[in-house]
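> If you scroll down you'll find the structure; I have some questions about it.
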Amino acid sequence: MKFYIETYGCQMNERDSEEISSILRMEGLFEVDSPKNADIVFVNTCSVREKPSQKALSAAGRYIKSKNHRKRIVALCGCFAKQEGEKLRERFPDIDLVFGPQQIKDLPVLLGRVLAGKVSVVDVSDSGYVSEENFSEDFKGVTAFVNITKGCNNFCSFCIVPYLRGREFSRESRIILDEVKKRVGCGVKEVTLLGQNVNSYLDEKNNVDFVGLLEMVHEIDGLMRIRFTTSHPKDVSDRLIGAFGYLPKLCNHIHLPVQSGSDRILDLMNRKYDRKHYLSIIEKLRKVREDIAITTDIIVGFPTETDEDFGYTMSLLDEIKFDTAFSFKYSPRPLTRAYRELEDDVPENIKEERLGILQERIESIAQEKNRNLKGKCLEVLVEKKSEKFPGQYISRSSCNRVVNLISDCDLTGRIVKVRITEALKHSLRGELMKGEIYEKGRCGRNTA
Ligand code: SF4
1 MKFYIETYGC QMNERDSEEI SSILRMEGLF EVDSPKNADI VFVNTCSVRE
51 KPSQKALSAA GRYIKSKNHR KRIVALCGCF AKQEGEKLRE RFPDIDLVFG
101 PQQIKDLPVL LGRVLAGKVS VVDVSDSGYV SEENFSEDFK GVTAFVNITK
151 GCNNFCSFCI VPYLRGREFS RESRIILDEV KKRVGCGVKE VTLLGQNVNS
201 YLDEKNNVDF VGLLEMVHEI DGLMRIRFTT SHPKDVSDRL IGAFGYLPKL
251 CNHIHLPVQS GSDRILDLMN RKYDRKHYLS IIEKLRKVRE DIAITTDIIV
301 GFPTETDEDF GYTMSLLDEI KFDTAFSFKY SPRPLTRAYR ELEDDVPENI
351 KEERLGILQE RIESIAQEKN RNLKGKCLEV LVEKKSEKFP GQYISRSSCN
401 RVVNLISDCD LTGRIVKVRI TEALKHSLRG ELMKGEIYEK GRCGRNTA
């Protein structure tokens, strides 16, 4: 049987899709990269924002309609599936399977029930997490996501995650290290340690905190780079900031969602830090690594947000000069405190206007930073060949910038030095530096 997975939303969902894929491949099913020939189609949904959820629902609707022409199983999974549960069966009477993030490990059993009974199955219960994760050893990439925590205890007032993914749970450090080692054995060069709030990681049994875990992962031979996401500003410790000074494999980048520049709005969001604290973290980070890339998430139009509050967010952009930022209009998410207690009172046209102003400024700062890199030398990890442009490779700098480069031999999985030749809107172009031996069929670094 062939299966296809369509993923909407965040990196957690991407990792969940990878896990679904691994489990099914271990069961002898084949993954295909187009829904056309698939016997089973999974739509993995995210519930954090309204837009991806809506897109996923339309996709699911299309696949269910296509069952008229082609017999296939259609499954909806992820946070949104967990949130809606039985309601999805009412909306899509022909759906075959609905399951939440906690049921992924039970997928073969759930699919077996669908295949045996040919009836639809909905399972979105809270079954508790297990420490084991599945990944297939034929995984081909040079970068991989590794979950270290799941769930969240923070209850930011706009966020549905704690209600859908449950309370925070840290995997045991021994198991994480084992997984990273196995992945490195399969050719992975860079891991991203993943969690809703990685800074609060704690392996209580072995008394290992997040910095302790980073130090242990850093020791793994063959692993070249470490990233982590997401960090909560209230839990960024001086120890973590210090780790950027003595762990060279730690990439020169931190994603630190600020959400707003206004203390009043931060308080309503239940973020538990203020602007001053956020700025102090950035200052300390830049003392340890002057050129560290800082990226963030920002919400505009949160209930009661005034022009003045928005002005504080804009001034924060100019003060910090983020390398880039993901920005969103506030949309009330069911179950959350903001949904229950605050009126969504910022008119849609004001939200639109603020988002436009914000995004324009984010782009102009990002482009200025990209332009400043022209002529500079960067070390990049070559991730893969471009599917669109033969001879072109896609690589990533330590600061998380995409750099496209041309090569007539396979550089995949190598760290090479490139000179930046062009700054494009969302990426850079570079050429291999002299001293990188560059012969057809043989590439390597000239260390002479
Ligand atoms: S830290 Fe806040 S925004 Fe992030 S997942 Fe937890 S509740 Fe949501």
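Residue numbers for the sequence shown, in this note's numbering: 1 to 448. For glycine and all other residues, C-beta sits at the position ideal for the given N, C-alpha and C.
What are the residues that DSSP puts in a beta bridge with Ile362?
Start at 1 with the first residue of the sequence shown, and residue 362 comes out as number 362. According to DSSP, Ile362 bridges with nothing at all.
> Three-state secondary structure (DSSP) at Gly375?
The residue given as residue 375 occupies position 375 in the sequence shown. Residue state, collapsed to three classes: coil.
> Is it buried or exposed for Asn349, if we count other Cβ within 10 angstroms and need 16 for buried?
The residue given as residue 349 occupies position 349 in the sequence shown. Exposed is the call here.
> For Val198 and Ile241, which I take to be in contact (beta-carbon distance under 8 angstroms), what is that distance rounded to the nearest angstrom?
Residue numbering aside, residue 198 sits at position 198 when the sequence shown is read from its first letter. Residue numbering aside, residue 241 sits at position 241 when the sequence shown is read from its first letter. That belief does not hold up - the Cβ atoms of Val198 and Ile241 are roughly 14 angstroms apart, past 8 angstroms.
> Could you compute how far the alpha carbon of Ser34 sits from the alpha carbon of Ser327?
Translated into the one-based positions of the sequence shown, residue 34 becomes position 34. Translated into the one-based positions of the sequence shown, residue 327 becomes position 327. So the two alpha carbons sit approximately 30 angstroms from each other.
> Look at the alpha carbon of Glu86 and the alpha carbon of Ala75, and state the distance between them as a whole number of angstroms.
Locating residue 86 in the sequence shown gives position 86, where the first residue counts as 1. Locating residue 75 in the sequence shown gives position 75, where the first residue counts as 1. One C-alpha to the other measures close to 13 angstroms.
> Give a yes or no on whether the C-beta atoms belonging to Pro332 and Asp344 are separated by under 9 angstroms.
Within the sequence shown, the letter at position 332 stands for residue 332. Within the sequence shown, the letter at position 344 stands for residue 344. Yes, these two residues count as a Cβ contact at 9 angstroms.
> Can you tell which of Asn154, Pro303, Glu18 and His232 has its C-alpha closest to the C-alpha of Leu268?
Counted from its first residue, the sequence shown places residue 268 at position 268. Looking at the Cα atoms, Pro303 is the closest of the given residues.
> If distances are taken between C-alpha atoms only, which option among Leu405, Gly166 and Ser157 comes closest to Glu341?
Here residue 341 is taken as the residue at index 341 of the sequence shown, counted from 1. Ranking Leu405, Gly166 and Ser157 by Cα distance to Glu341 puts Ser157 first.
> From Val146 to Arg354, what distance separates their C-alpha atoms?
Sequence index remark: in the sequence shown, residue 146 carries index 146 (1-based). Sequence index remark: in the sequence shown, residue 354 carries index 354 (1-based). The straight-line gap from Cα to Cα measures roughly 36 angstroms.
> Could you have a look at Lys36 and say whether DSSP puts it in helix, strand or coil?
Within the sequence shown, residue 36 is the residue found at index 36, counting from 1. If DSSP states are grouped into helix, strand and coil, Lys36 belongs with the helices.
> Are Leu213 and Ile254 touching if we call contact CB-CB under 9 angstroms?
Counted from its first residue, the sequence shown places residue 213 at position 213. Counted from its first residue, the sequence shown places residue 254 at position 254. No, the pair does not count as a contact, with Cβ atoms beyond the cut-off.
> Is the closest heavy atom of ligand 1 to the C-beta of His277 under 8 angstroms?
In the sequence shown, counting from the first residue as 1, residue 277 sits at position 277. It does not: the Cβ of His277 is nowhere closer than 8 angstroms to a heavy atom of ligand 1.
> For Ser398, which residues from the same chain have a beta carbon less than 6 angstroms from its beta carbon, with the 5 sequence-adjacent residues on both sides left out?
Walking along the sequence shown from the start, residue 398 turns up at place 398. Excluding sequence neighbours, Ser398 sits near Cys251 and Asn252.
> Anyone know if the C-beta pair for Arg165 and Cys152 falls short of 9 angstroms?
Within the sequence shown, the letter at position 165 stands for residue 165. Within the sequence shown, the letter at position 152 stands for residue 152. A contact, by the Cβ cut-off of 9 angstroms.
> Note down, in chain order, each residue of its chain lying with its Cβ closer than 7 angstroms to the Cβ of Ser315, except the 5 sequence neighbours on either side.
In the sequence shown, counting from the first residue as 1, residue 315 sits at position 315. The residues are Gly261.
> Who's in the neighbourhood of ligand 2, going by beta-carbon under 6 angstroms from any heavy atom, listed in chain order?
Absence of ligand 2 is noted for the structure shown, with ligand 1 being the only ligands found.
> For Val130, does the count of other Cβ atoms within 10 angstroms reach 16, so buried, or fall short, so exposed?
Here the question's residue 130 lines up with position 130 in the sequence shown. A caution first: Val130 carries a pLDDT of 49, below 50, which makes its placement in the model too unreliable to give a value.
> Kindly list the residues whose CB is nearer than 7 angstroms to the CB of Met433, restricted to its own chain and excluding five residues on each side of it in sequence; keep chain order.
Sequence index remark: in the sequence shown, residue 433 carries index 433 (1-based). Cβ neighbours of Met433 beyond the five flanking positions: Cys377, Lys417, Val418 and Arg419.
> Need the endpoints of the beta strand (DSSP E) that Gly430 sits in, please.
By one-based count along the sequence shown, residue 430 stands at place 430. Unbroken beta strand (DSSP E) run through Gly430: Leu428 to Leu432.
> Taking only three categories from DSSP, how would you classify Cys79?
As a working mapping, residue 79 is identified with position 79 in the sequence shown. If DSSP states are grouped into helix, strand and coil, Cys79 belongs with the helices.
> Look up Val198 in the DSSP assignment and say whether it is helix, strand or coil.
Position 198 of the sequence shown holds residue 198. Here Val198 sits in helix by DSSP.
> Please identify the residue among Lys425, Val380 and Glu352 whose C-alpha is closest to the C-alpha of Lys369.
The sequence position of residue 369 within the sequence shown is 369, counting from 1. Taking only the C-alpha atoms, the option nearest Lys369 is Lys425.
> In the DSSP assignment, find the unbroken alpha helix (DSSP H) run with Tyr63 in it and report its ends.
Within the sequence shown, residue 63 is the residue found at index 63, counting from 1. Glu50 to Lys65 is the extent of the alpha helix (DSSP H) around Tyr63.
> Would you identify the three-state DSSP class for Phe244, choosing helix, strand or coil?
Looking up residue 244 in the sequence shown gives position 244. Phe244 falls in the helix class under three-state DSSP.
> Contact defined as beta carbons within less than 8 angstroms: I believe Ile415 pairs with Val402. What is the distance between those atoms, to the nearest angstrom?
In the sequence shown, the residue the question calls residue 415 occupies position 415. In the sequence shown, the residue the question calls residue 402 occupies position 402. Not quite, the Cβ-Cβ distance comes to about 15 angstroms (not below 8 angstroms), so this is no contact.
> In the region 262-309, which residue ranges form an unbroken alpha helix (DSSP H) of at least 4 residues, counting only runs that do not cross its ends?
Qualifying alpha helix (DSSP H) stretches, in chain order: 263-268 and 275-288.
> Can you check which of these residues, Gly112, Tyr4 and Val121, is closest to Gly100 by C-alpha distance?
Residue 100 sits at position 100 when you count from the first residue of the sequence shown. Ranking the options by Cα distance to Gly100, first place goes to Val121.
> When DSSP labels each residue in this structure, what does Thr230 get in the three-state scheme?
On the sequence shown, residue 230 is found 230 positions in, with the first residue counted as 1. Residue state, collapsed to three classes: coil.
> For Ala338, which beta-bridge partners are listed by DSSP?
Here the question's residue 338 lines up with position 338 in the sequence shown. The partner list for Ala338 (beta bridge, DSSP) is empty, contrary to what the question assumes.
> Looking at Thr149 and Ser170, is the spacing between their C-beta atoms short of 9 angstroms?
In the sequence shown, the residue the question calls residue 170 occupies position 170. In the sequence shown, the residue the question calls residue 149 occupies position 149. Yes. Within cutoff.
> Where does the unbroken alpha helix (DSSP H) through Val109 begin, and where does it stop?
For the purposes of this step, residue 109 is taken as the residue at position 109 of the sequence shown. Counting along the chain, the alpha helix (DSSP H) containing Val109 begins and ends at Leu107 to Gly117.
> With a cut-off of 8 angstroms on the beta carbons, I'd call Lys181 and Ile220 a contact; round off their distance for me.
Here the question's residue 181 lines up with position 181 in the sequence shown. Here the question's residue 220 lines up with position 220 in the sequence shown. Contact flag correct, Cβ pair sits at about 6 angstroms.
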